[in-house]
Amino acid sequence: MTSKQRLLAAASFREADRVPVELSIPKAARTLPECRRIVEFIDNIADNFIGIGGCVNWGFFGLSTTYREEIVEDRPGEFCIIRRIHQTENGEFTALTKHSYPHLDNPDFLWIKRFIADLDDFDRLITAPRLLPRPFSAAAYQERCTQVGERGLPIVSLQHPLGFLVRNADMIEVYSWFAAEPQRMHRFLEATNRQIVETIKAMGEAGLQPWFNVTAHEMLIPPWLGRRQFDEFVFPYDKEVNEAVHAIGGKVRAHCHGQVMSFLVRMAEMGIDAIEPLEPPPFGDVDLAAAKRLVGERMLLSGNIPSQSFINMSPEEVTACVRGAIEAAAAGGGFTLRPTGGDAGVDP
Numbered sequence: 065m066t067s068k069q070r071l072l073a074a075a076s077f078r079e080a081d082r083v084p085v086e087l088s089i090p091k092a093a094r095t096l097p098e099c100r101r102i103v104e105f106i107d108n109i110a111d112n113f114i115g116i117g118g119c120v121n122w123g124f125f126g127l128s129t130t131y132r133e134e135i136v137e138d139r140p141g142e143f144c145i146i147r148r149i150h151q152t153e154n155g156e157f158t159a160l161t162k163h164s165y166p167h168l169d170n171p172d173f174l175w176i177k178r179f180i181a182d183l184d185d186f187d188r189l190i191t192a193p194r195l196l197p198r199p200f201s202a203a204a205y206q207e208r209c210t211q212v213g214e215r216g217l218p219i220v221s222l223q224h225p226l227g228f229l230v231r232n233a234d235m236i237e238v239y240s241w242f243a244a245e246p247q248r249m250h251r252f253l254e255a256t257n258r259q260i261v262e263t264i265k266a267m268g269e270a271g272l273q274p275w276f277n278v279t280a281h282e283m284l285i286p287p288w289l290g291r292r293q294f295d296e297f298v299f300p301y302d303k304e305v306n307e308a309v310h311a312i313g314g315k316v317r318a319h320c321h322g323q324v325m326s327f328l329v330r331m332a333e334m335g336i337d338a339i340e341p342l343e344p345p346p347f348g349d350v351d352l353a354a355a356k357r358l359v360g361e362r363m364l365l366s367g368n369i370p371s372q373s374f375i376n377m378s379p380e381e382v383t384a385c386v387r388g389a390i391e392a393a394a395a396g397g398g399f400t401l402r403p404t405g406g407d408a409g410v411d412p
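The sequence shown runs 65 to 412 under my numbering.
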């Protein structure tokens, strides 16, 4: 079987010729001599969902934007502070981020100021005019699918407005708004959800049936939000989007770290077709065998191999983790092996 066939079989709850294995490392790490064998495995053997960009322009919270960056302060060998600016129909949204040398392109950095700092910023998001649908390119999608070929399963980014909000707003402010400003929050979600649903429908009318990848649910479960808030602010809006995806023949895969075990059934009920990385303790709380019993016939389960611990594990311990995961979840399909830290424990 090809990697694409293997992943489609697993997602259809059928056993493939072997358990699919997902593996990736940062782009910068691919040039390191010690990563040569890993790169060869990724390029020739691994079975990856492969993100394809340039297909949908979600903008900034669904707003058309012109983006630019300005260096505010640069201390070579120490740090660099960057001002990030989105110019939208409803004015500028700015953030300040601090990056440490030598890894200035590391995705982990310090937020000095986030894009949505207060209710005035939030109100500008809520009241901004929105394109229905957002721009997308069917030709670009088809071209990128052709480029991926049988080496993996193409997947398109699906913006999650609430997940994007909690990651790009002042954290103290935004989490207080769930209690103090619920009507504002619902107005924001109604506006952004409508735009996303209309975009998905238009993609379907153009003949597209993508797999979509959605992120940030780990910021919408404990310890951040409880079950009541999840059921009010996440479930109904996500369910509407997921139903729109299913209506055009697409699928939804969620990336959700953390304490997800008690939310798996609810996520299946709201229409998520696949979920990763299913972290075991201490990083999360997922008992893979129990997860398989709970939702293994409704969601493709992926992950459970704690790559965060690779640096402290022996090869024998990693092998034992892999064997345990296969024994717990591989029977009947519906499972792919995947590191829970995303990349293969490599710091470039």
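All C-beta atoms in this analysis are idealised placements derived from N, C-alpha and C, irrespective of residue type, glycine included.
Sequence ranges, beta strand (DSSP E) only - wholly within the segment 369 to 404, length at least 3
399 to 403
Going by DSSP, name the residue or residues bridged to Asp138.
Cys144
Candidates Leu71, Leu217, Ala192 and Val305: closest to Gly123 by CA position
Ala192
Express the C-alpha separation of Gln259 and Leu196 in angstroms, rounding to a whole number.
6 Å
Rounded distance between the beta-carbons of Phe200 and Val83, thought under 8 Å
With a Cβ gap of about 34 Å, Val83 and Phe200 do not count as contacting.
Please work out which residues of its chain come closer than 8 Å, Cβ to Cβ, to Lys265, disregarding the five sequence neighbours upstream and downstream, and give them in chain order.
Pro197, Ala308, Ala311 and Ile312
Beta carbon of Leu364 nearer than 7 Å to that of Ala338:
yes
Three-way DSSP call (helix, strand, coil) for Val410 in this model:
Residue confidence is low: Val410 scores 45 on pLDDT, short of 50, so the model does not pin down where it sits. No coordinate-derived value is stated.
My output table needs one value for His281: the three-state DSSP class, helix, strand or coil.
helix
For the ligand FAD, I want to know if Ser378 counts as a neighbour, meaning its beta carbon is within less than 6 Å of at least one of the ligand's heavy atoms.
This structure lacks the ligand FAD, and indeed carries no ligand of any kind.
Could you pull out every residue in the same chain whose Cβ sits closer than 7 Å to the Cβ of Phe77, ignoring the five residues on either side in sequence?
Glu361, Gly396, Gly397 and Gly398
Apply the 10 Å Cβ neighbour rule to Pro218 and answer buried if 16 or more other Cβ atoms are within range, or exposed otherwise.
buried
Note down the Cα distance separating Val410 from Ser371, rounded to an integer number of angstroms.
Because Val410 carries a pLDDT of 45, less than 50, the predicted location of this residue cannot be relied on, and the following value inherits that uncertainty. Roughly 9 Å separates the two Cα atoms.
Between the C-alpha atoms of Gly141 and Ser164, what's the straight-line distance to the nearest angstrom?
8 Å
Short of 8 Å in beta carbon distance, which residues of its chain neighbour Val382, apart from the five on each side in sequence? Order them along the chain.
Ile369 and Phe374
Do the segment 127 to 135 and the segment 99 to 112 meet, that is, are 3 or more Cβ pairs less than 8 Å apart?
no
Would you report the Cα separation of Ala318 and Asp138, rounded to the nearest angstrom?
37 Å
Ignoring anything shorter than 4 residues or poking outside the segment 156 to 235, list the alpha helix (DSSP H) runs there in chain order.
183 to 191, 202 to 212 and 225 to 232
DSSP three-state label for Val324, please.
coil
For the alpha helix (DSSP H) that contains Pro246, what are its first and last residues?
Pro246 to Glu269
Is it right to say Ala394 is buried, meaning 16 or more other beta carbons lie within 10 angstroms of its own, or is it exposed?
buried
Enumerate in chain order the residues of its own chain whose CB-to-CB distance from Asn112 is below 6 Å, with the five nearest sequence positions on each side excluded.
Glu86 and Gly216
First and last residue of the beta strand (DSSP E) that includes Phe113?
Asn112 to Gly115
Within its chain, find whatever has a CB closer than 6 Å to the CB of Gly367; leave out the 5 residues flanking it on each side and keep chain order.
Glu340, Pro341, Leu342, Arg402 and Thr404
Own chain residues within Cβ distance below 6 Å of Arg194, not counting five before or after
Gly126 and Gln259
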